[in-house]
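Residue numbers (my numbering): 2 to 254. For every residue, glycine included, the Cβ atom is placed at its ideal position computed from N, Cα and C.
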């Protein structure tokens, strides 16, 4: 599942709440049907996580860091870890501090996959990566998603990544869920409409979820059911990207 929203919308906070790294104000969080506080240890044994930030000891090597982490997981499989080190081209004797951002992301993913994690939480994993490595990482994630025993929650503001690999999309803004649905359904449910300012009046403006005006015209997002058929010859309508949808929902709110 892709987890999108503007910066500051609550994506990272949500993931930290799931992991019980932050205390919630109210309500409950259930993972695998279990309370995430009462059964935290059991839940985390089944979860892997890949953060944008580096949470490892830089003075240690990959192998030394692994030796610290592995005992916390009852399902740790050393053969699997060694397989992913080779597959991801990671040197077990290399110090964490000397790894690039992309290599640290690969190391986090190798850790997650080596204890048979059923749910992998990823917070901005492609942020700051060069295009070549981003593409490589997305290929890896797409391959992992073919395993029906694994689920990935992929939080990002780079929505083009999700258009390549996500099956479901959840969009939050200001800490609230705006929608959660299949990606293809989301992309089919809205239209991006462009036209001249001359046809824009208050009643037409109300049809838009979000609207942007320029000196030469307007562009806005509408629901597919409000196709504005009576204006077909006066506007241009096209399918939006996930980025368009996120931007215009944020504008409208």
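Of the choices the options, whose alpha-carbon is the least far from that of residue i?
| i | options | result |
| --- | --- | --- |
| residue 135 | 68, 105, 148 | 105 |
| residue 116 | 183, 68, 221, 78 | 78 |
| residue 186 | 176, 157, 204, 225 | 225 |
| residue 122 | 206, 10, 110 | 110 |
| residue 256 | 223, 68, 3 | Within the shown structure, residues of the chain are numbered from 2 to 254, placing residue 256 beyond reach of any answer. |
| residue 208 | 191, 218, 199 | 191 |
| residue 129 | 188, 159, 37 | 159 |
Here's the rule I'm using: 16 or more other beta-carbon atoms within 10 Å means buried, otherwise exposed. How should residue i be labelled?
| i | result |
| --- | --- |
| residue 173 | buried |
| residue 103 | buried |
| residue 33 | exposed |
| residue 60 | exposed |
| residue 182 | exposed |
| residue 163 | buried |
| residue 143 | exposed |
| residue 69 | exposed |
Report the rounded CA-to-CA distance for residue i versus residue j, giving the unit in angstroms.
| i | j | result |
| --- | --- | --- |
| residue 245 | residue 171 | 15 Å |
| residue 41 | residue 22 | 11 Å |
| residue 81 | residue 53 | 23 Å |
| residue 213 | residue 195 | 10 Å |
| residue 58 | residue 98 | 8 Å |
| residue 19 | residue 232 | 46 Å |
| residue 255 | residue 167 | Because the chain here runs from 2 to 254, residue 255 falls outside it and cannot be looked at. |
| residue 36 | residue 236 | 51 Å |
Can you give me the start and stop residues for the beta strand (DSSP E) that residue i sits inside?
| i | result |
| --- | --- |
| residue 123 | 120-124 |
| residue 33 | First-last for residue 33: undefined, no H or E at that position. |
Let's see if you can read the secondary structure: which residues bound the alpha helix (DSSP H) around residue i?
| i | result |
| --- | --- |
| residue 217 | Where residue 217 is concerned, there is no enclosing alpha helix (DSSP H), given that its DSSP letter is neither H nor E. |
| request: List in chain order: all unbroken alpha helix (DSSP H) runs of 4+ residues lying wholly within the region 50-94. | output: 63-70, 79-88
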